[in-house]
Amino acid sequence: MKFRSPGEQPLHIGLTSGHTLVIPPEGVEVPDMFRREAISRGAEPLADTGALIAPAGDAAQAGSGQAAADKRFALIKEALRTMLNGANEEDFNDGGKPALQRLKAVAGFNITRAEADEAWAQVQAEEAEADNG
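Written out as structure tokens, the structure is:
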């Protein structure tokens with residue numbers, strides 16, 4: 014499937030496996046292993062004709078950066094829930110926080126400690142709410 018960068022600058026993607034890819038504004042074929050990170054970073058899918066699959070207007074383009082950030086955050090939370098439901102003791106450190114390297118491996122893309130902590134706080138709050146509800 015082809016994707017293009019969300020702006021005028023190429024989108025550089027690096028996976029925790031060490032693989033890298035550059036997605037230019039004009040678009041390029043993106044291998045499966047990069048698609049999740051590409052989508053989370055705002056890359057836009059193209060039809061075979063080179064046209065955007067979901068054309069965006071000016072208002073949608075202004076919000077596309079936020080939509081990409083929201084998608085990325087949702088993927089981080091999904092990875093945290095996967096870790097919570099797993100039985101791997103190495104997924105969490107002695108303080109009970111998610112191990113950042115394990116989280117990166119489960120998610121399949123680089124995550125900062127700040128992103129992990131923010132997502133972890135939300136997952137914990139959502140789990141507590143579900144237990145009380």
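Residue numbers (this note's numbering): 14 to 146.
For every residue, glycine included, the Cβ atom is placed at its ideal position computed from N, Cα and C.
A quick note: this is a predicted structure, and the numbers were derived from the prediction, not measured.
- With respect to the 8 Å criterion, A87 and G55 are not classified as neighbours on the basis of their beta carbons.
- In the three-state scheme derived from DSSP, where H, G and I count as helix and E and B as strand, K84 is classed as helix.
- Counting of Cβ neighbours within 10 angstroms places R126 among the exposed residues, the total staying below 16.
- In this chain, the alpha helix (DSSP H) harbouring F47 covers D45 to S53.
- The beta carbon of S53 lies closer than 6 Å to those of K84, R85 and L88 in the same chain, with the five residues before and after it left out.
- Within the same chain, and ignoring the five residues on either side of N106 in sequence, the residues whose Cβ sits closer than 8 Å to its Cβ are A112.
- Collapsing the DSSP output to three states places T125 in coil.
- For L34, the enclosing beta strand (DSSP E) has its first and last residue at T33 to I36.
- Nearest in C-alpha terms to K110, of all of R48, A118 and A132, is A132.
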